[in-house]
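Working notes for the structure below.
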Amino acid sequence: RLNRQHTNITEAYGSLILAEYTPASGDWILDSGTATGAWLVAVANNAPPDTELIGIDISDRLFPTGEVGERIKCYKKSITLQPSTDWTGTFSFIHQRLLFGGLRQDEWPRAISNMYRMLKPGGYVQLGEIGVMQGSPALKRFQAIFDGLATSRNLMQVSLLNIPEMLGREGFKEIIEFPKFFPIGGWAGPLGKLDLDIWLCTARSVKIPVLDAGGFGVVSSEADFDELLKDIERESETTKGCGLDFSYYVARK
98 RLNRQHTNIT EAYGSLILAE YTPASGDWIL DSGTATGAWL VAVANNAPPD
148 TELIGIDISD RLFPTGEVGE RIKCYKKSIT LQPSTDWTGT FSFIHQRLLF
198 GGLRQDEWPR AISNMYRMLK PGGYVQLGEI GVMQGSPALK RFQAIFDGLA
248 TSRNLMQVSL LNIPEMLGRE GFKEIIEFPK FFPIGGWAGP LGKLDLDIWL
298 CTARSVKIPV LDAGGFGVVS SEADFDELLK DIERESETTK GCGLDFSYYV
348 ARK
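So the mapping is simple: the working numbering equals the position in the sequence shown, first residue as 1, plus 97.
Right, dumping it as structure tokens:
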């Protein structure tokens, strides 16, 4: 799912790096929340051979191995901690994507502060996060579930996640948003069906915690949850405008 998600986002933007930056010989590049390392592996295909490509994640379960991962170095670390004092002022570019479900409200400022510290003067950060789901009653009901789950875990609701404000507060300059709309469902053709498949995988992954928390006033049983996903599939087949927002934010130190 994560690799498909990476491919989908990259194809939509047409580029891995949206800043006015090209990896140069000797540069250090960091991918925070790297997971499978898909973004880093893709960057490695176009970066000079002596570029240092570093991935960090709180879990090493999905780190790339073998020939695919030999160009990059992955560490079991969190961007919210002080990953290494040796990395202060080290990186030319830092990438992070889709950690809305991984960083608590109080951790976001700390993460961005660490990124600022680890960047070289003039270095860039690129952060990508989803926005709200829209276009059908069933999608709006599931958005309420996502918001409830976020609140219960002290996470930031996506509608309240103001990345530009946090970047500016830390001292970043030249903050630019690159928004995209990702259609969900058959109404948008093959691309919409692919996005729906990816989204459904994510939705199913939260079924147990949602039910354990009582369903947030939207669902009360596993049957309710499954029926809601079926409603989303049905409605998104013909309802134009079903989808979700996504934005990359680029800023410079």
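Ideal Cβ placement from N, Cα and C applies to all residues, glycine included.
For W284, the closest alpha carbon among the candidates I106, E334 and R250 is that of E334. Per DSSP, the continuous beta strand (DSSP E) segment holding F279 begins and ends at K270 to P280. In this structure, the alpha-carbon of L293 lies about 30 Å from that of C171.
M212 has its alpha-carbon roughly 11 Å from the corresponding atom of L224.
Contact annotation, L291 with N105: C-beta distance approximately 6 Å; criterion of less than 8 Å satisfied. According to the DSSP secondary-structure assignment, V222 is paired through a beta bridge with I191 and A348. Nearest to W205 by C-alpha distance, out of L113, E108, M263 and L297, is M263. In the displayed model, Q231 falls within a strand according to three-state DSSP.
For the pair L113 and T119, the CB atoms are not nearer than the 8 Å cut-off. Per the Cβ contact rule, the segment 239 to 248 is in contact with the segment 310 to 321 (3 or more Cβ pairs under 8 Å).
DSSP places S210 in the uninterrupted alpha helix (DSSP H) bounded by E204 to M215. Annotation for A300: F239 and L326 place their beta carbon closer than 7 Å to its own, counting only its chain and skipping 5 residues before and after.
Under DSSP, Y172 shares a beta bridge with I153.
The shortest C-alpha to C-alpha distance from L196 to any of I272, S175, G163 and V138 is the one to S175.
Excluding residues up to 5 positions away in sequence, G232, S233, G282 and W284 lie with their Cβ nearer than 8 Å to the Cβ of T336 in the same chain. Contact check for K304 and F322: beta-carbon distance about 5 Å, within the 8 Å limit, so the pair qualifies.
Residue environment analysis places L257 among the exposed positions, since fewer than 16 neighbouring C-beta atoms fall within 10 angstroms of its C-beta.
By the neighbour-count definition (other C-beta atoms within 10 Å, threshold 16), T148 is a buried residue. R349 is not a Cβ neighbour of E226, given a cutoff of 8 Å. Taken in chain order, the whole alpha helix (DSSP H) runs of length 4 or more contained in the segment 101 to 141 are 135 to 141. A distance of 8 Å or more separates the beta carbons of L127 and V140.
Contact check for K237 against Y110 fails: the beta carbons are separated by 8 Å or more. In the DSSP assignment, the residues bridged to R201 are L252.
In this structure, the CA atom of T187 is about 50 Å from the CA atom of E324. With 16 or more neighbouring CB atoms inside 10 Å of its own CB, P280 falls in the buried class.
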